[in-house]
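Peer 1: Under our numbering, the first residue of the sequence shown is numbered 39, with each subsequent residue one higher.
We treat Cβ as the ideally placed atom computed from N, Cα and C, and that holds for glycine.
Note that this is a predicted model, so its numbers are computed, not measured.
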Amino acid sequence: MDSLRELLAPFDPSLPLARAHSIPSAWYRDPRLEALERRRVLGDTWQLVGRADQLSGPGNFVTVEVAGEPLVVLRDERGALRAFFNVCRHRAACVVGEAQGTARRLRCPYHGWTYDLRGQLLGAPEFDGVEEFRREDHGLVPVAVDRWGPLIFVHLGASPPPLQQWLEPLPTQLQGLEELRFFERREYVLACNWKVFVDNYLDGGYHVNSVHPALGSVLQYSDYRTECFAQTSLQSSPLRSAEPDAVDASASATRKGDLARYAWAFPNVMVNLYAGVMDTNVVFPLGPERCRVVIDFYFAQLDGAEAQAFAARSVELGHRIQLEDVGICEQVQRGLGSRSYSTGRFSVRREVAVHHFHQLLAARLQSPG
Ligand code: FES
Ligand SMILES: [Fe+2]
39 MDSLRELLAP FDPSLPLARA HSIPSAWYRD PRLEALERRR VLGDTWQLVG RADQLSGPGN
99 FVTVEVAGEP LVVLRDERGA LRAFFNVCRH RAACVVGEAQ GTARRLRCPY HGWTYDLRGQ
159 LLGAPEFDGV EEFRREDHGL VPVAVDRWGP LIFVHLGASP PPLQQWLEPL PTQLQGLEEL
219 RFFERREYVL ACNWKVFVDN YLDGGYHVNS VHPALGSVLQ YSDYRTECFA QTSLQSSPLR
279 SAEPDAVDAS ASATRKGDLA RYAWAFPNVM VNLYAGVMDT NVVFPLGPER CRVVIDFYFA
339 QLDGAEAQAF AARSVELGHR IQLEDVGICE QVQRGLGSRS YSTGRFSVRR EVAVHHFHQL
399 LAARLQSPG
């Protein structure tokens, strides 16, 4: 493949689903595409980076990396959420080293410049006599930050759309997130491109019965629906009670309510919601053929031994489902490297959201700018 243009050209986003092909296999492997995605996709979309419980009080902070950029996200002394590039304005050292904590001010470990929680430069030791140097011009560079219930997002782009608008219609359709409490985080490193994980998530239940028999036993597969919106999609399936001889009783014991909902926001944010149970999955690229998936589990009820045991069982089921997905995603990545494969077709009944993802992605990667 000689040029980036030749790499990008083969996908035609204008084809309707019934005529469309998936994005080319080279898009899941080529380092040049990964660099372009950093700039135009992960570096220019709302990214889920933290939870409100991590930033509950003044001075609480977390450090994260988005699209290769080090960031610090915090709550200032007045209770406002703020995010900054975690890069000192003096010689570019990382200002905050810890993954999370509490601080009254931020002090760069290199030469001791200090910043307040609003990012203003408070002190620069031994800087007398420096001409045309104004402290107010050397604050930490801010980044857009906002939240949806307990979920905190940042956006590195120059003119971010409002988060609520970006997520439409998820905030109105998925109510009650505020009442959920964080229970546990699990992280996974997968030997596949991050988009393989997203494709797998968005396939409209197509893989559920074969890859996740326990989960399949509680979903009413024939009534599984997928709807696509501007930057989001929503899959939903009625739940049925498992038959007595079900493959695995833990699915029916921990996936309750009438409806399972699987929401996605472009490009890498996934929210799974059952009655009183939620988990968020975010997938971050770690190179063309590796990614990290961070899963946070939340529950409406965590008081008492019974609720704790329920939450632990539910996390265990989520973990087993995730291992099933890891296995299939890693196999897919190997197949994508085969000379025999370049693209595949879509099930019109099932795979509308995968196609929608590929169209959104291509719109950014193929745009001339
Ligand atoms: S790089 Fe931060 S004080 Fe010098
Ligand atoms: Fe799956």
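Look at the alpha carbon of residue 189 and the alpha carbon of residue 89, and state the distance between them as a whole number of angstroms.
Peer 2: The C-alpha of residue 89 is placed about 5 Å away from the C-alpha of residue 189.
Peer 1: Short check: CB of residue 155 to CB of residue 115, under 8 Å?
Peer 2: yes
Peer 1: Does the distance from the C-beta atom of residue 403 to that of residue 172 stay below 8 Å?
Peer 2: no
Peer 1: Using 7 Å as the cut-off, classify the Cβ of residue 359 as near or not near the heavy atoms of ligand 2, replying yes or no.
Peer 2: yes
Peer 1: In whole angstroms, what is the alpha-carbon distance linking residue 279 and residue 290?
Peer 2: 6 Å
Peer 1: For residue 178, I'd like the list of residues in its chain whose CB is within less than 6 Å of its CB, leaving aside the five on either flank, ordered along the chain.
Peer 2: 122, 153 and 157
Peer 1: Please say whether residue 333 and residue 263 have beta carbons closer to each other than 8 Å?
Peer 2: Result no, Cβ atoms of residue 263 and residue 333 do not sit closer than 8 Å.
Peer 1: Is DSSP giving residue 93 helix, strand or coil here?
Peer 2: Correct three-state label for residue 93: helix.
Peer 1: What residues does ligand 1 have around it, judged by CB closer than 5 Å to any heavy atom, in chain order?
Peer 2: Qualifying residues, in the order they occur: 126, 128, 129, 131, 146, 148, 149 and 151.
Peer 1: Taking only runs that begin and end inside the stretch 77–124, name each unbroken beta strand (DSSP E) of 3 or more residues, in chain order.
Peer 2: Inside the stretch 77–124, DSSP marks whole beta strand (DSSP E) runs of 3 or more residues at positions 84–89, 98–104, 107–113 and 119–123, from first to last along the chain.
Peer 1: Have a look at the DSSP bridge pairing and note the partners of residue 306.
Peer 2: According to DSSP, residue 306 bridges with nothing at all.
Peer 1: For residue 352, is the classification buried or exposed, using 16 other Cβ atoms within 10 angstroms of its Cβ as the cut-off for buried?
Peer 2: buried
Peer 1: Should the stretch 371–383 be regarded as contacting the stretch 302–310, the criterion being three or more beta carbon pairs within less than 8 Å?
Peer 2: Between the stretch 371–383 and the stretch 302–310, the count of C-beta pairs closer than 8 Å stays below three; the two stretches do not touch.
Peer 1: Distance, Cα to Cα, residue 232 vs residue 68?
Peer 2: One Cα belongs to residue 232, the other to residue 68, and the distance between them is close to 13 Å.
Peer 1: Report yes if the CB atom of residue 120 is closer than 8 Å to the CB atom of residue 97, and no otherwise.
Peer 2: no
Peer 1: Check whether the Cβ atoms of residue 144 and residue 320 sit closer than 8 Å, and answer yes or no.
Peer 2: no
Peer 1: Tell me the DSSP bridge mates of residue 220?
Peer 2: 336
Peer 1: Helix, strand or coil, according to DSSP, for residue 231 in the structure here?
Peer 2: In the structure shown, residue 231 sits in coil (DSSP, three-state: anything other than H, G, I, E or B).
Peer 1: Can you give me the C-alpha to C-alpha distance between residue 255 and residue 126, rounded to a whole angstrom?
Peer 2: 53 Å
Peer 1: Which residue marks the beginning of the beta strand (DSSP E) containing residue 348, and which one marks its end?
Peer 2: Segment 343–374 is the alpha helix (DSSP H) holding residue 348; no beta strand (DSSP E) there.
Peer 1: Give me whichever residues DSSP pairs with residue 161 in a beta bridge.
Peer 2: 152
Peer 1: Rounding to the nearest angstrom, what Cα-Cα distance links residue 391 and residue 215 in this structure?
Peer 2: 23 Å
Peer 1: Any chance you could list the residues with Cβ under 6 Å from a heavy atom of ligand 2, keeping chain order?
Peer 2: This selection yields 238, 245, 249, 250 and 363.
Peer 1: Is residue 205 helix, strand or coil when you go by DSSP?
Peer 2: Correct three-state label for residue 205: helix.
Peer 1: At a cut of 8 Å, does the stretch 202–216 reach the stretch 226–245 through at least three beta carbon pairs?
Peer 2: no
Peer 1: On a CA-only basis, which of 259, 202, 204 and 182 is nearest residue 195? Give me that one, please.
Peer 2: It is 182.
Peer 1: Please list the terminal residues of the continuous beta strand (DSSP E) segment that includes residue 273.
Peer 2: Residues 270–276.
Peer 1: Given this structure, state the Cα-to-Cα distance separating residue 212 from residue 338, to the nearest angstrom.
Peer 2: 14 Å
Peer 1: In this structure, does DSSP put residue 242 in helix, strand or coil?
Peer 2: coil
Peer 1: Taking only heavy atoms of ligand 3 into account, decide whether any of them is closer than 7 Å to the Cβ of residue 225.
Peer 2: Looking for ligand 3 in the displayed structure turns up nothing; the ligands present are ligand 1 and ligand 2.
Peer 1: Look at the alpha carbon of residue 393 and the alpha carbon of residue 175, and state the distance between them as a whole number of angstroms.
Peer 2: 45 Å
Peer 1: Can you give me the Cβ contacts of residue 318 inside the same chain, cut-off strictly under 6 Å, excluding the 5 residues immediately before and after it?
Peer 2: 309 and 334
Peer 1: Going by DSSP, name the residue or residues bridged to residue 313.
Peer 2: Bridge partners of residue 313: none, in fact.
Peer 1: To which residues of the same chain is residue 58 closer than 7 Å at the C-beta, ignoring the five residues directly before and after it?
Peer 2: 384 and 393
Peer 1: Pop quiz: residue 75 and residue 230 are said to be a contact at Cβ under 8 Å. What is the actual Cβ separation, rounded to whole angstroms?
Peer 2: Contact doesn't hold; Cβ gap of about 15 Å is too wide.
Peer 1: Among 103, 163 and 324, which has the Cα closest to the Cα of residue 135?
Peer 2: 103
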